[in-house]
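Remarks on the structure that follows.
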Amino acid sequence: MPSTPSIVWLRDDLRVADNPALSAAVDRGGPVVVLYLLDEESPGARPLGGASRWWLHGSLAALAAELADRGAHLTLRRGAAGTVIPQLVAESGAGAVYWNRRYGALREVDAELKSRLRADGLDVQSFGASLLFEPWTITTGAGDPYKVFTPFWRACLAGDDPRAPLQPPERIEGLAVASDDLDTWALLPTRPDWAAGLRAAWTPGEQGAHARLEHFVEHGLPLYHRRDEPGIEATSRLSPHLRFGELSPHQVWARLRGPLAPAAIANRPKFLSEIGWREFSYSILFHQPSIATENVRRDFDAFPWQAPDPAVLEAWRRGMTGIPLVDAGMRQLWTSGWMHNRVRMIVASLLTKNLLIDWRVGEAWFWDTLVDADEASNAASWQWVAGSGADAAPYFRVFNPVLQAERFDPDQAYVRQWVPELGTGAYPRPIVDLAASRTAALAAYEVVKAAK
Ligand code: FAD
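Numbering-wise (the UniProt record's numbering), the sequence shown opens with residue 1 and increments by one.
Here's what the structure looks like:
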């Protein structure tokens, strides 16, 4: 008897290679409906920011082409998963629904749907695809989640190696059902079209992701010991590709175990530990799905944040603070949808410590403007800088952007690229006195200490 159709519901895994849910559907036999659902309605769904919407459009277009090459279609639908998926099951006569897991608040939507569909007699399965180590498998001896990165990553590395990546299916027997037209989702900016810098910097999609990985392995990884210097391209810039799952961490891991130049081999552990920070962020999210809104350290609930002065906040957002390294970072973000990691820490420190503005305000701006805006890494990193997070930087570590620039951008390659008017009369004076505001930040922290 021919198999009934399967539905593969893609979310943060926009790839055909190393996609366990897709491979399982192909192996099951029968036609496959490959679905992407734009769900801004389910409880816990956070609408994507502008830069992420831009990325999503490109990624879905690339995925549709990959699927078409293999005989399948990409079906686009919009609405709450709890409504749309059962409808699609009825429409297509599907006997199976497969997906790869997610780890934040939306996993409750998945769990509820799984039990409903199973109760209707469907085969429903979820797979691990986005993380090297499932968060519930990495615990302390007492069975608790790790709160500190180093022992967490040590525990990850002490177990079995992550599984090898799966090959992409050569043929997928697609089942055509009604689909939205991607253009009607209006994910791309039109008036104004602010995405020119994004188009120049990125190629969303699986092929772009693999090209980026190869480029990094050859040119960036041998320089990765200089990863803190924003003026050189020593980091991978894989973050948006990993965020949208165009590339899996398993594929990155396997490539890093493959042929490498000696200078690259020396830098491999450090690079993999940064992938480990991504795993750690997801572990935090898994155990506290509210990390984008609630302090991990609850003593920070007492922190005396200041109401943002709109002009000051706008100067930070637009890269007009008069502090060159901060402005360079904020302009890099606005123009290209990405910012170098060290500079992210510095601009976040300025906002939360020198300006005493709540980390949630900064997190929201990054959410809107980053192409790699990630529900785990963005919130966890903001909390890390603010001091309220797991394994956070000690509070007194207020980054001094002037000293940081001297140390990590000594020839001003980065600052001059993004702030060409530096040294001319057109550049603003600093909006804040770094020394005085540092003292004020330390005083504000006394309130948290007292609340402990
Ligand atoms: P590489 O150095 O090449 O690292 C490889 C990969 O490891 C990255 O692509 C990323 O997936 C992961 N990674 C590296 N550093 C971290 C880290 N500190 N935490 C978690 N994962 C990491 N990263 C995001 O992916 N999305 C975000 O929304 C995000 N928001 C951030 C906000 C702040 C305030 C800060 C300080 C950091 C944030 N990061 C975020 C982490 C980090 O800055 C980026 O992952 C990194 O800059 C991406 O560049 P890359 O791919 O060249 O990194």
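Beta carbons are placed, not taken as given, at the ideal position from N, Cα and C, and that holds for glycine.
Neighbourhood of residue i by C-beta, 8 Å cutoff - its chain only, sequence neighbours within 5 removed
i: P151; result: T140
i: W359; result: A348, L351, T352, W382, Q383, V385, A386, S388
i: H219; result: E233
i: E363; result: A292, N378, A379, W382
beta-carbon residue i near ligand 1 non-hydrogen atom, thresh 8 Å
i: M330; result: no
i: W334; result: no
i: H210; result: no
i: T235; result: yes
i: V385; result: yes
i: R102; result: no
i: N267; result: no
i: E274; result: yes
i: R227; result: yes
i: A80; result: no
i: F280; result: yes
i: D358; result: no
i: N295; result: no
i: A21; result: no
i: G174; result: no
i: A380; result: yes
i: L238; result: yes
i: G337; result: no
i: L370; result: yes
i: G197; result: no
i: A373; result: yes
i: L213; result: no
i: W277; result: yes
i: G245; result: no
i: H250; result: no
Status (buried if at least 16 other CB within 10 Å, exposed otherwise) for residue i
i: S115; result: exposed
i: T137; result: exposed
i: P5; result: buried
i: S290; result: exposed
i: L256; result: buried
i: T184; result: exposed
i: D27; result: exposed
i: A380; result: buried
i: D110; result: buried
i: T75; result: buried
i: I346; result: buried
i: G258; result: exposed
i: residue 453; result: No statement about residue 453 is possible, as the shown extent of the chain runs from 1 to 452 and does not include it.
i: R77; result: buried
i: G29; result: exposed
i: L442; result: exposed
i: A261; result: exposed
i: P20; result: buried
Residues near residue i in its chain [Cβ-Cβ closer than 7 Å; skip 5 each side]
i: E421; result: Y427
i: S273; result: W153
i: I232; result: L223, R226
i: S336; result: G197, L198, A201
i: L187; result: R53, W54, L56, H57
i: S59; result: L14, P204, G205, F244, E246
Of the residues the options, the one placed nearest residue i, counting alpha carbons only
i: L37; options: G58, E66, A81, G49; result: A81
i: A440; options: L356, A405, A413, E375; result: L356
i: Q417; options: F366, L22, V326; result: V326
i: residue 472; options: R28, D299, I7; result: With the chain covering only 1 through 452, there is no way to say anything about residue 472.
i: A376; options: P240, R278, V89, W55; result: R278
i: I284; options: L67, N341, G49, A105; result: A105
i: A68; options: S42, Q87, R77, R171; result: R171
i: M339; options: L113, W367, V361, V312; result: W367
i: A155; options: E134, G95, A164, P169; result: E134
i: K147; options: P169, G319, V296; result: V296
i: R318; options: P162, V419, R118; result: V419
i: V16; options: V217, Q167, K449; result: Q167
i: L242; options: W9, A21, L14, F286; result: L14
i: Q288; options: R107, R53, L113; result: R107
i: L157; options: G362, A405, F280; result: F280
i: A176; options: Q412, G93, S236, L333; result: G93
i: Q332; options: E294, I265, V415, A364; result: V415
i: E214; options: V252, P204, A178; result: V252
i: D309; options: R429, T235, V361; result: V361
Nonlocal neighbours in the same chain, by C-beta distance under 6 Å from residue i, ignoring five residues either side
i: P304; result: A444, V447
i: A315; result: T321, I431
i: I275; result: P249
i: R268; result: L256
i: Y395; result: G387, Y445
Closer than 8 Å: residue i CB and nearest ligand 3 heavy atom
i: S377; result: Although ligand 3 was asked about, the structure shown includes only ligand 1 as ligands.
Which full runs of the alpha helix (DSSP H) of 4+ residues lie inside the UniProt domain "Photolyase/cryptochrome alpha/beta" (4-132), going along the chain?
Positions of the alpha helix (DSSP H) runs, each at least 4 residues long and wholly inside the UniProt domain "Photolyase/cryptochrome alpha/beta" (4-132), are given as 20-28, 50-69, 81-92, 107-119 in order along the chain.
Any alpha helix (DSSP H) of 4 or more consecutive residues that is wholly inside the stretch 339-415
You should have 341-349, 359-369, 377-386, 401-408.
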